[in-house]
Amino acid sequence: MYQVQLSACTSIRPSVMLKPRMVQQSREVVQKEQRRVDHRTRVPRNENLEKLRNGYLFPEIAMREAEHLQKYPNFKLINLGIGDTTEPIPDIITSSMVEQAQALSTLEGYRGYGPEHGNKALRKAIADVVYKGLKVKDTEVFVSDGAQCDISRLQLLLGSNVTIAVQDPSFPAYIYSGVIIGQAGEFQEETGKYWNIEYMKCGPQNNLFPNLLTTSRTDVIFFCSPNNPTGHAASRNQLEQLVEFARKNGSIIIYDSAYAAYISDDNSPRSIFEIPGAREVAIEVSSFSKFAGFTGVRLGWTVVPEELLFANGFPVIKDFNRIVYTCFNGASSIAQAGGLACLSPEGLMAIRQVIDYYKENAKILIDTFELLGLKAYGGKNAPYIWVHFPGSRSWDVFDEILEKTHVVTVPGRGFGPGGEEYVRVSAFGHREIILEASKRLKNLYR
Amino acid sequence: MAKLQAGYLFPEIARRRAAHILKYPDAQVISLGIGDTTEPIPEVITSAMAQRSHSLSTLEGYSGYGAEQGEKKLRAAIASTFYADMGIEESDIFVSDGAKCDISRLQLLFGSNVTMAVQDPSYPAYVDSSVIMGQTGQFQKDIEKYGNIEYMRCSPENGFFPDLSTIQKTDIIFFCSPNNPTGSAATREQLTQLVRFAKENGSIIVYDSAYAMYISDDRPRSIFEIPGAKEVAIETTSFSKYAGFTGVRLGWTVVPKELLFSDGFPVAKDFNRIVCTCFNGASNIAQAGGLACLSPEGLKAMHEVVSFYKDNTKLIVDTFNSLGFKVYGGEHAPYVWVHFPGRSSWDVFAEILEKTHIVTTPGSGFGPGGEGFIRVSAFGHRGNVLEACKRFKLLYK
């Protein structure tokens, strides 16, 4: 039998309450069963999962990284691939999580199940602070364990009989969750697209914003701004067009604003709800991950305005509420305590410093690429730099950069066919790592 | 979504409770309804979470995204603590933010083209998530059942274990033991039958063992104690009722490597894909707490909390027994299933609430098989449970 040695737990004797009584005879039978796995259930594999191509992008990158590490164990690998935060969370925020954890050991402080849609104080803080002046009610805020999870719950809400549009390139979870829920047809190798999904190309030729005149109508439009991976933050004018487009077509925009805190431009809205009329056409999803370094802590939210109605007039918020009650049990109370501290005046100030730190990283990287004569997009309103290698295949560029500089990036193709010829470089990292990466890239491309 | 009936059961109970409090603002309402833990989490566990929280402010201690399947140490600890000698490995364990969430992710895994069976009565999330996923037909008001779901009646007449000879074949069988709401825990012999049934029919059992630590004798705590189970079952469970983690959010699901779809494709591979796409891991702080739960000191502490709730359960069982009621459950679970023959369970719920200010859960909320029963949960401060028992005695003497 497989035994695992645990550094913390090697001498455990599981308590009597836990240790199962394995009758000697049945243990032998279990061993026999182990060697002979010839039973297949008659449950058909979910055909939607069969449609998914390859592995999910980021574990795929992680695998290549691991292979590279094995090949070059002595070289210092720099990871500018997955957008993972690296800087410690400010003390003012973690101390409130420490406090909440400790309170759970006390009679007065212990809390069991929280409301599935989140603690009222946090919902209110999100409505009042993040959506200041935008008339978002706390009752429209649903606290979650992060945007990736919310996207899937929204897909559960929407069901398989809706059509979706995504930006091309875009964060893979919109497409993958769409495939899983049954909104997509087969994958077409020639185009690199799933049948039945509308891909809205975002390239330099259209200012990294879709040409809505050539976009087909869909029920749902996933829109991420500031954008992962291109780093483009849509302008007010562009978002007005998008809202008008959605209104005309009776569509619902799912607006991912996870990187809003990185915006530098005054002309780029931080929320879709800054656009008049958006409350009747949009849902907004966001996250504390890149905002507060909560990638491991797990906290986010979704806003569903009361005015947003299905075709039959039924409020979307009522159905989303039901999804949340049935399929979720609330974000961790400790994470929520941290979230509340994030939105205090001191918390916001402390977070701003960390964000500025990452933005300074982004500037160093943009300057590096520009110095090398490469066209680099993004980086000013988002922690991602989108570098163009005209005529090259992005996985080839990814491989070359990894092989020759030991820097992990993300091949643009992983975000959709519109990402071909691009590589995404993330600006999360300790300053000295970013500087080292910059040096190595300069050496490679000089 | 349109098919779902009324609200999810527990928010409905909460609504009634809130309305009652408005009506009787001075009443001391005692909640023995939703199964929510009440006792503080032992310090050995919370201090680990406090420590992890604090370390996130330090350069050495900060961590970002964790593996979606969970931190390696925790997965290994779960495997060795609960599944030693069962051939379940660390890589078969998927750490989550709780069983309710896992149930929906499992439904996403299975998709809409599968049929399912549930115990009747059962925890509402199995049926409701199935409806949302599109596996069911319309709700039939006359029989209180959704079309296309196989309801496996569990009643005193069959010892709360379904008569499998009368059950139609389905792709998926949800089975919760110890059971919420009946409190009944299946024997080794019964589970052996269930595994055989699943094997013969090519079905997958989704075994919910969230209350396993409440078992009082040597009946199985995991489906994987049954030979052959690894080829037919998934097990899902939670730290909620063991460590008071109802608000902290931590659980896990076991998908054995040996479990295969009809085309031979390993179920674990598809579940891994779901987890990587639709989830981003349980909170690292909660996972630190989970690891502390599984230390020798943590296990001992969890044992003590569980014992406390079991003592509560005994008080409630004794009370209803002394009043001449037919009482079920309560021995292997923190739920007492009280029979009120011939009466509507919502009426009994309302009567109890109105006359004793005690919140319970009407059995019909768990399915038509729950009609005529009330579920009394044993989570509560000792004083409240004693007071509740006193009030029950006054009402029903």
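Just so you know, the sequences run in chain order A and B.
Heads up, the first sequence is in the UniProt record's numbering, so the first residue is 1 and it goes up one at a time.
Heads up, the second sequence is in the UniProt record's numbering, so the first residue is 1 and it goes up one at a time.
Heads up, the beta-carbon is just placed ideally off N, CA and C, and yes, glycines get one too.
Remember, it's a predicted structure, so these values are computed and weren't measured experimentally.
Do B:Y242 and B:Q128 count as a contact pair if the criterion is CB distance below 8 Å? It is worth fixing the name first, because residue 128 of chain B is Asp in this sequence and not Gln. The criterion of a C-beta distance shorter than 8 Å is not satisfied by B:D128 and B:Y242.
Reducing DSSP to helix, strand and coil, say where B:Y214 ends up. Here B:Y214 sits in helix by DSSP.
Continuous beta strand (DSSP E) assignments of at least 3 residues falling wholly in the segment 135-206 of chain B: Counting only runs of 3 or more, we get 149-153, 172-176.
Leaving out the 5 sequence neighbours to the left and right, which residues in its chain are closer than 6 Å to A:M22 when beta-carbon positions are compared? Its pLDDT being 44, under 50, A:M22 is placed unreliably in this model, and the coordinates cannot settle the point.
Count the other CB atoms, across all protein chains shown, that sit within 10 Å of the CB of B:P25; report buried if there are 16 or more and exposed otherwise. B:P25 comes out exposed.
Residues in its own chain within less than 6 Å of B:V56 by CB, not counting five upstream and five downstream? In the sequence under discussion, the amino acid at residue 56 of chain B is Leu, which differs from the Val named in the question. Counting only Cβ-Cβ distances below 6 Å, and skipping sequence neighbours, we find Y62.
DSSP on A:A198, reduced to helix/strand/coil? Note that residue 198 of chain A corresponds to Glu in the displayed sequence, not to Ala. The answer is strand: DSSP assigns A:E198 an E or B state.
Drop a sphere of 10 angstroms on the beta-carbon of A:L18, count the other beta-carbons inside from all chains shown, and report buried for 16 or more, exposed for fewer. For A:L18, the pLDDT reaches just 39, beneath the cut-off of 50, and the residue's location in the model is therefore unreliable, leaving the point undetermined.
With a Cβ-Cβ cutoff of 8 Å, do A:N361 and A:R431 count as a contact? In contact: A:N361 and A:R431 (Cβ atoms closer than 8 Å).
Find out if the Cβ-Cβ distance for the pair B:V114, B:D171 is shorter than 8 Å. Going by C-beta atoms, B:V114 is nearer than 8 Å to B:D171.
8 Å Cβ cutoff met for A:K76 and A:G418: One thing to note: A:K76 has its Cβ no nearer than 8 Å to the Cβ of A:G418.
Is A:G133 near the ligand ATP, with its Cβ less than 7 Å from a heavy atom? The ligand ATP is not among the ligands present in this structure, which contains no ligands whatsoever.
Cross-chain neighbours of B:I204 in chain A, by beta carbon under 8 Å: Those are T41, V43, listed as they occur along chain A.
First and last residue of the uninterrupted alpha helix (DSSP H) at B:G290: First-last of the alpha helix (DSSP H) with B:G290: 284-293.
List the residues that DSSP assigns as beta-bridge partners of A:R424. Under DSSP, A:R424 takes part in a beta bridge, and its partners are A:W386, A:V410.
Which parts of the segment 157-237 of chain A are runs of the beta strand (DSSP E), unbroken and 3 residues or longer, counting only runs that do not cross its ends? You should have 164-168, 197-201, 220-224.
Which chain B residues are close to residue 449 of chain A, counting only those with a beta carbon under 8 Å from its beta carbon? Beyond the ends of chain A as shown, which are 1 and 446, falls residue 449 of chain A; an answer cannot be given.
When B:M133, B:V376, B:K3 are compared against B:T319, the one with the closest alpha-carbon: Of the candidates B:M133, B:V376, B:K3, the one whose C-alpha sits nearest the C-alpha of B:T319 is B:V376.
Please report the Cβ distance between A:T302 and A:V316, rounded to the nearest whole angstrom; I am assuming they are in contact, meaning their Cβ atoms lie under 8 Å. No, A:T302 and A:V316 are not in contact; Cβ-Cβ is about 11 Å, not under 8 Å.
Determine whether the Cβ of A:R352 lies closer than 8 Å to any Cβ atom of chain B. It does not: the Cβ of A:R352 has no partner Cβ on chain B nearer than 8 Å.
What's the C-alpha gap between A:D219 and A:L158? So the alpha carbons of these two residues sit roughly 9 Å apart.
8 Å Cβ cutoff, B:V114 in contact with chain A: Yes, because at least one Cβ of chain A sits closer than 8 Å to the Cβ of B:V114.
Which residues of chain B have a Cβ atom closer than 7 Å to the Cβ of A:P59, listed in chain order? The contacting residues are C276.
Tell me which residues of the segment 333-351 of chain A have at least one Cβ-Cβ distance to chain B shorter than 8 Å, keeping chain order. Close to chain B, meaning a Cβ-Cβ distance shorter than 8 Å, are the following residues of the segment 333-351 of chain A: S333, I334, A335, G338.
CB B:F379 to CB B:P341, shorter than 8 Å? No, these two residues do not count as a Cβ contact at 8 Å.
Based on the DSSP secondary-structure assignment, which residues constitute the bridge partners of B:M116? Answer by DSSP bridge pairing, in chain order: B:I149, B:I172.
Helix, strand or coil: which one does DSSP assign to A:F142? Of the three classes helix, strand and coil, the one that applies to A:F142 here is strand, per DSSP.
Between B:I215 and the rest of its own chain, which residues show a CB-CB distance below 7 Å, the 5 nearest in sequence each way excluded? These residues qualify, in order along the chain: P178, A185, R221, H332.
Check for me: the beta strand (DSSP E) holding B:E90 runs from which residue to which? Looking at the DSSP string, B:E90 is not in any beta strand (DSSP E), and its letter there is neither H nor E.
Which chain B residues are close to A:G182, counting only those with a beta carbon under 9 Å from its beta carbon? Within 9 Å Cβ-Cβ: G111, S112, G134.
Scan the segment 5-68 of chain B and note each continuous alpha helix (DSSP H) run of 4 residues or more that stays entirely inside, going in chain order. Taking only runs of at least 4 residues, the alpha helix (DSSP H) segments lying wholly in the segment 5-68 of chain B are 9-23, 43-55.
Out of B:G228, B:M116, B:A79, B:Y65, which has the shortest C-alpha to C-alpha gap to A:V43? With distances taken between Cα atoms, A:V43 lies closest to B:M116.
State the start and end residues of the unbroken alpha helix (DSSP H) segment that holds A:E116. A:E116 -> no alpha helix (DSSP H), and no H or E assigned at all.
Minimum Cβ-Cβ distance from A:V220 to chain B less than 8 Å: Not closer than 8 Å to any Cβ of chain B, the Cβ of A:V220 fails to qualify, so no.
With a threshold of 8 Å between beta-carbons, can B:C293 be considered close to chain A, or not? Interface with chain A (8 Å Cβ-Cβ cutoff): B:C293 is excluded.
What number of angstroms, rounded off, separates the C-alpha of A:L309 from the C-alpha of A:Q183? It is roughly 20 Å from the alpha-carbon of A:L309 to the alpha-carbon of A:Q183.
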